[in-house]
Amino acid sequence: MATATAAPSTPNAHAPASSAAADQPIPPPHTGRGFVVQVKEYHAVAQWHWDAGDDVCGICRVAFEGCPPGAKFPGDDSPVVWGKCAHAFHLQCITKWLAQPQGGGAGAGAEPKCPICRRTWEFKEAEMARDEDQENGGDEDDDDDDDERMDVTDAMP
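In the UniProt record's numbering, the protein residues as written are 1 to 157.
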């Protein structure tokens, strides 16, 4: 039984092009990715508020409402503090972390690092707490102490 092969109906892609086709630009191959958009300006219109009540400390993995290791009572013994990178920890936990040279602390001349993102650790200032006090008319006897924040930059050894 003999088999016959048909000649290809399309020209060979590797064959030299005619001089007329060489003058026209070749379109780029289709990548299937759609079109490309260049963003010239961006205006954020959303506001986000984080409630630490349901979250856990990134170091000890204990809920912020709970009692971290080494603290006798939850809350005042080790308040929740935020870094400028927006990560939050118990004050006691981040203080111990920053004191460890192998854990990202300031040992051997290195800058202290956030345990989550490894950015240089800086305590976030209590600007938000001051703004909230101004919104409340400066009333310091406010019964809602759930979102109390404190400036702990002087608390570091």
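Beta carbons are placed, not taken as given, at the ideal position from N, Cα and C, and that holds for glycine.
In terms of alpha-carbon separation, which member of the options lies closest to residue i?
i	options	result
Leu98	Ala88, Trp121, Val81	Trp121
Cys85	Arg119, Asp23, Gln24	Arg119
Lys124	Ala88, Glu41, Asp55, Glu65	Ala88
Ile116	Pro68, Val56, Pro79, Ala71	Val56
Cys114	His90, Gln38, Gly83, Pro68	Gly83
Ala63	Gln24, Asp23, His90	His90
Pro68	Val39, Tyr42, Thr95	Thr95
Per DSSP, what are the beta-bridge partners of residue i in this structure?
i	result
Phe123	Gly83
For residue i, is the classification buried or exposed, using 16 other Cβ atoms within 10 angstroms of its Cβ as the cut-off for buried?
i	result
Val81	buried
Cys93	buried
Gly70	exposed
Ile26	exposed
Pro101	exposed
Asp144	Confidence at Asp144 is low in this model, with a pLDDT of 46, below 50, so its placement is unreliable and no value can be given for it.
> Considering only residues of the UniProt domain "RING-type" (57-118), which uninterrupted beta strand (DSSP E) runs meet the minimum length of 3 residues and lie entirely inside it, listed in chain order?
Replying inline: With a minimum length of 3 residues, the continuous beta strand (DSSP E) runs that stay inside the UniProt domain "RING-type" (57-118) are 80-82, 88-90.
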